[in-house]
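Just so you know, the protein sequences line up as chains A and B, in that order. Taking the working numbering, the leading residue of the first sequence gets 6, the next gets one more, and so forth. Taking the working numbering, the leading residue of the second sequence gets 5, the next gets one more, and so forth. This report refers to the structure that appears directly beneath it.
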Amino acid sequence: MTVASSFTLFFYVVAMAFALIYGGFRQRVLFVLSMACAGAGFAVQTWQIAEVWLHRGYPPATDLMELFHLTAWAMLALYFAIYPLSRSKILVFFLMPLVNLSYLLGLLVSSHDAGVEPKPFYFTTWFAVHIFLLVFGIAFFFVSFLYAAIFIMQDHSLRRRHAPSHLPIPSLEEAERWSARLLLVGYPIFSLGMFSSILYGILHGNRKDYHPGVLEGASVLAWIILGVAGYGWLTAKVHPRRRSWFVVAGAAFSVLIILGIIWH
Amino acid sequence: MSDLILVGVNHKKTPVELRECLAFSDQEKGPFLEKLRSGGRTKGAVLLSTCNRVELYAELADGVTPDHLIDEVMASREFPRDRRDLFYVQQRKDAVQHLFRVASGLDSMILGEPQIFGQVKDAYFLARDAGAVTTPLNLLFQKAFHVAKQVRTQTGIGERPVTISYAAFNLASSIFEDLSTKRILLLGAGEMSRIVGTHFVESGVKQVRVANRTYEHGVEFARTFGAEVVAWEDFPKALIHSDIVISSTGAPRPIILRPMVETVMKLRRWASLFLVDIAVPRDIEEGVGKVDGVYLYDIDDLQAVADEGLAERQKKATLAESMISSELDLYARFLDHQGLSEVIGGVMAWAGRIQEAEMEEALRKLGDLSPKQQELVRNSVRRVVHKILHAPITQVKRLVLEEETANALNVFRELFPVEPPAETPAEAKRSREEK
């Protein structure tokens with residue numbers, strides 16, 4: 006674990022602590038502190054990614070650890086980008102544990118093996134485009150998943166005919182709208198990420214050597230499930246609760262995409 | 005501040021028919037406060053008159069007793085002379101504590117209700133405009149506003165609903181993002197329907213429709229909300245274009261059935277539908293609540309939500325009381341340091357005079373400004389003065405009260421060389437008028 010990783014983890018853990026306390030006490034200062042710590046961690050991680058990229062000549066996304074870390078980074082980047090529009094402070098309560106989980110999982114799995122010769126594909130623009138489209142697509146799915154989970158929680162609470170949740174979670178309508186927006190933006194990004202890799206394989210690879218594994222299988226499953234959810238939203242033919250469950254299932258398969266790297 | 009007194013009546017002991025005898029309109033408050041001052045009864049006073057209480061917070065003039073004030077209040081209203089016992093009197097620290105509790109909603113009929121805070125503020129501003137707020141009263145009310153805000157934000161006492169109408173509104177807010185864009189359909193023209201409907205309309209819902217079996221009665225009822233009337237036979241169609249339905253008819257059997265709602269939901273493309281059934285016997289079949297996207301609450305459900313909210317508020321009230329108690333101790337220490345309150349009051353009055361003079365000058369130079377622009381200038385200047393004074397005043401309070409720094413007050417006096425006794429802006433205004 007590098008010094009930069011330690012700092013990043015420290016900031017993310019502190020940000021999560023503030024976010025969780027914010028959920029309980031709802032004091033604006035706690036949210037600001039959480040955002041400040043998350044921002045500091047994000048800045049350190051950005052610097053770390055840039056440094057490794059420049060040093061190696063290709064983006065640090067070639068093993069499971071790096072992919073988990075990059076996903077954590079992309080989720081935060083996405084939250085910072087959408088916050089001015091959504092103004093959803095409470096989302097940080099749900100997001101920071103996910104960011105920390107992703108970052109910690111990265112630390113628990115094996116890191117880049119310096120002895121292994123990097124593939125020529127890594128040094129191409131195709132790889133950078135493929136990885137960033139895929140990772141940002143997954144980040145969109147995860148944040149969409151958080152809103153879908155909020156929708157399911159709120160729906161469950163209302164169906165039980167209890168008082169609204171103690172947490173100031175967004176209304177059903179808001180949760181549904183944001184979940185849909187993120188899914189519908191993330192889906193083409195993720196699709197382009199998938200197809201860019203396939204296209205590279207067609208143009209430069211040997212088709213006889215192609216043996217699809219868990220990675221490809223999970224990618225296609227997530228792609229189909231999230232596609233159904235997106236179709237449901239666009240056509241309003243599927244009920245919002247079912248659409249939210251589709252997003253949850255799609256996000257679960259997105260995790261498999263990352264895990265599929267192990268067998269890849 | 006040693007002469008601070010509170011006399012009043014409230015909902016706890018005084019029935020509404022007597023409370024309404026004592027009520028003051030906004031137009032009556034100013035002249036009454038002026039009468040007390042010019043009659044030598046008070047140096048200054050603030051009159052709070054709401055549907056649940058009439059309270060007079062006053063700084064008594066020399067030689068005046070609380071009984072004199074009660075006499076004045078009773079003499080100005082048609083209040084039964086033999087019900088003098090309904091008045092309560094509180095002095096000094098008790099009066100301060102009472103004001104803190106009132107402003108925080110802890111003394112309200114509905115525990116923690118937020119409206120009282122605005123009503124206390126209005127009472128203060130009205131008294132200030134009438135020139136009836138002295139420096140000690142000004143400090144007291146500013147402190148009360150600060151305490152009430154702290155209580156609300158830190159305990160969240162007003163967040164949970166405690167009435168059926170508020171519970172319905174609160175639940176609707178959990179379903180819809182912006183209620184002002186939603187359409188509401190009132191089925192039946194009963195009293196409960198009116199109460200719940202009014203709550204939604206007052207909270208910003210603009211599109212209201214009414215369907216009633218007796219069309220004429222429906223028209224009359226709709227006028228209350230400026231609503232559109234729908235023929236009773238057409239209400240199933242109206243469901244398609246409604247987001248919130250409040251049903252309170254006298255029908256002996258359910259009028260909204262599951263197959264009807266399933267069809268409606270398909271036509272609504274599964275957009276959420278909030279159904280509030282406050283009729284007994286119920287208007288909406290139980291199974292309707294199982295349809296996807298439909299959120300059905302009957303009167304018992306709403307009552308349970310309201311009871312849950314009340315229990316929650318009671319828990320939070322305990323925390324609020326302890327917050328008030330510690331703020332009161334701090335304020336009592338502040339009052340013990342008479343020099344501190346005088347100096348701060350003097351500085352505020354001095355700043356107020358400069359502020360008013362500069363504002364008038366600026367407005368004169370700017371020439372023809374609309375009332376809105378003039379208000380903008382006034383507010384900006386006020387904010388600048390308050391912001392500049394906030395930090396030094398907070399610091400000197402902290403140094404004197406918390407750290408007991410002996411010469412802090414002298415340093416503050418040196419920094420702000422105000423000649424005592426300072427005249428408040430209100431007093432200055434009065435002097436000008438008298439001249």
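For each residue, glycine too, the CB sits at the ideal point set by N, CA and C.
| Query | Result |
| --- | --- |
| Could you pull the DSSP bridge partners for B:Phe278 from this structure? | B:Ile248, B:Tyr299 |
| Closest Cβ-Cβ distance between A:Ala241 and chain B: below 8 Å? | yes |
| Kindly give me the distance between the Cβ atoms of B:Ser207 and B:Phe229, rounded to whole angstroms, as I take these residues to be in contact under 8 Å. | 12 Å between Cβ atoms; not a contact. |
| Check whether the Cβ atoms of B:Val309 and B:Phe420 sit closer than 8 Å, and answer yes or no. | no |
| Buried or exposed: where does B:Met5 fall if 16 or more other Cβ atoms within 10 Å of its Cβ makes it buried? | With a pLDDT of 48 at B:Met5, under the threshold of 50, the predicted position of this residue should be treated as unreliable, and no value is reported. |
| In or out: B:Ser246 buried (at least 16 other Cβ within 10 Å) or exposed? | buried |
| With B:Ile188 as the anchor, note down where its beta strand (DSSP E) starts and where it stops. | 187-191 |
| Quick one: what's got a C-beta closer than 6 Å to B:Pro425's C-beta in the same chain, skipping five residues either side? | Residue placement at B:Pro425 is poorly supported in this model, since its pLDDT is 48, which falls under 50; the coordinates still yield a value, given next. Closer than 6 Å at Cβ, skipping near neighbours: no residue. |
| Measure the C-alpha to C-alpha separation of B:Arg402 and B:Arg382 and round it to an integer number of angstroms. | 30 Å |
| What residue range is occupied by the uninterrupted beta strand (DSSP E) comprising B:Gln95? | 92-95 |
| Decide if B:Ser197 is buried, meaning its Cβ has at least 16 other Cβ atoms within 10 Å, or exposed. | buried |
| Distance check for B:Leu103 and B:His341, CA to CA, integer angstroms please. | 21 Å |
| Using 8 Å as the limit for Cβ to Cβ distance, is B:Leu175 near chain A? | yes |
| Is there contact here, the region 215-224 of chain B with the region 177-192 of chain B, by at least three beta-carbon pairs under 8 Å? | yes |
| From A:Gln50 to A:Ile174, what does the alpha carbon distance come to, in whole angstroms? | 29 Å |
| What number of angstroms, rounded off, separates the C-alpha of A:Tyr152 from the C-alpha of B:Arg417? | 57 Å |
| Which residues of chain B have a Cβ atom closer than 7 Å to the Cβ of A:Pro245, listed in chain order? | Trp274, Gly297 |
| So, for A:Val134: in the same chain, excluding its five sequence neighbours on each side, which residues have a beta-carbon less than 7 Å away from its beta-carbon? | Ser201 |
| Kindly indicate the opening and closing residues of the beta strand (DSSP E) around B:Asn14. | 8-14 |
| Taking all protein chains shown into account, decide if B:Ser112 is buried (16 or more other Cβ within 10 angstroms of its Cβ) or exposed. | buried |
| Assuming A:Phe146 and A:Val253 form a contact by the criterion Cβ under 8 Å, report the distance between their Cβ atoms to the nearest whole angstrom. | Actually they do not touch by this definition, with Cβ atoms about 10 Å apart. |
| Would you verify that the beta carbon of A:Leu177 is, or is not, closer than 8 Å to some beta carbon of chain B? | yes |
| Check for me: the alpha helix (DSSP H) holding B:Thr139 runs from which residue to which? | 139-159 |
| Going by the CB atoms, is the gap between A:Ser107 and A:Thr76 shorter than 8 Å? | yes |
| Along chain A, which residues have their Cβ under 8 Å away from the Cβ of B:Gly160? | Arg31 |
| What residues in the region 138-163 of chain A bring their beta carbon closer than 9 Å to a beta carbon of chain B? | Gln159, Asp160, Ser162, Leu163 |
| Helix, strand or coil for A:Ser224 per DSSP? | helix |
| Determine which residues share a DSSP beta bridge with B:Ala62 and list them. | B:Ile9, B:Ala49 |
| At the 8 Å Cβ level, is A:Arg92 part of the contact set with chain B, yes or no? | no |
| Any beta carbon of chain B sitting closer than 8 Å to that of A:Arg166? | yes |
| Relative to the alpha-carbon of A:Phe36, which residue among A:Arg248, A:Glu56, A:Met21 has its alpha-carbon at the smallest distance? | A:Met21 |
| Any C-beta of chain A sitting closer than 8 Å to the C-beta of B:Ile282? | no |
| Just mark A:Trp52 as buried or exposed, buried being the case when its beta carbon has 16 or more other beta carbons within 10 Å. | exposed |
| Show which residues of chain A have a CB atom less than 9 Å away from the CB atom of B:Tyr170. | Residues of chain A passing the Cβ test: none, with the nearest at roughly 11 Å. |
| Can you have a look at B:Phe36 and say buried or exposed, based on whether 16 or more other CB atoms are within 10 angstroms of its CB? | buried |
| Exposed or buried, B:Ile397, counting other C-beta atoms within 10 Å across all chains shown (16 or more means buried)? | buried |
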